[in-house]
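Residue numbers (this note's numbering): 1413 to 1539.
Glycine residues also receive a C-beta, built at the ideal position from the N, C-alpha and C atoms.
Written below as structure tokens is the structure these notes are about.
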Ligand SMILES: [Zn+2]
């Protein structure tokens, strides 16, 4: 379970905090990648109408004039960095921290495994 992306005003003086669900964020990432509505529907196993609904919510939440504007606003707000989200390892954990989010369960588990592995490596090197 991933928490919605919570983002406050950008340091350069953006708008109010925005909150997109993981679903909406995924739709936006596909839009940013240049996919059409039907292509996004296919990729996410959704009806085209459902994708259209998510797009309308995205426009409302981001107060965007159109989807191109939504991609720009999301980038500026830091909720869309153009890179695919990865979860469940140290890199995913670090990305959550970088975005100012509470790391998700999978990333916390991955980070614990990473730290345990590092401890073991230090012990091996010390021996
Ligand atoms: Zn995560």
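Shortest Cα-Cα distance from residue 1502 to any of 1467, 1460, 1465 and 1530 involves 1530.
By the neighbour-count criterion, in which 16 or more other beta carbons inside 10 Å mark a residue as buried, residue 1509 falls on the exposed side. Leaving aside the five residues that flank residue 1498 on each side, the residues in its chain whose CB is nearer than 6 angstroms to its CB run, in chain order, 1504. In the displayed model, residue 1437 falls within a helix according to three-state DSSP. A contact between stretches requires three or more CB pairs, one per stretch, nearer than 8 angstroms, and the region 1454-1463 fails this requirement with the region 1476-1485.
One Cα belongs to residue 1520, the other to residue 1500, and the distance between them is close to 7 angstroms. By the neighbour-count definition (other C-beta atoms within 10 Å, threshold 16), residue 1532 is an exposed residue. Residue 1482 holds the alpha-carbon nearest to the alpha-carbon of residue 1431 among 1482, 1538 and 1534.
In the DSSP assignment, residue 1447 falls outside any alpha helix (DSSP H) and carries neither an H nor an E. For ligand 1, the residues with a Cβ under 5 angstroms from any of its heavy atoms are, in chain order, 1499, 1504, 1516 and 1519.
Cα atoms of residue 1490 and residue 1469: separation of roughly 18 angstroms, rounded to the nearest angstrom.
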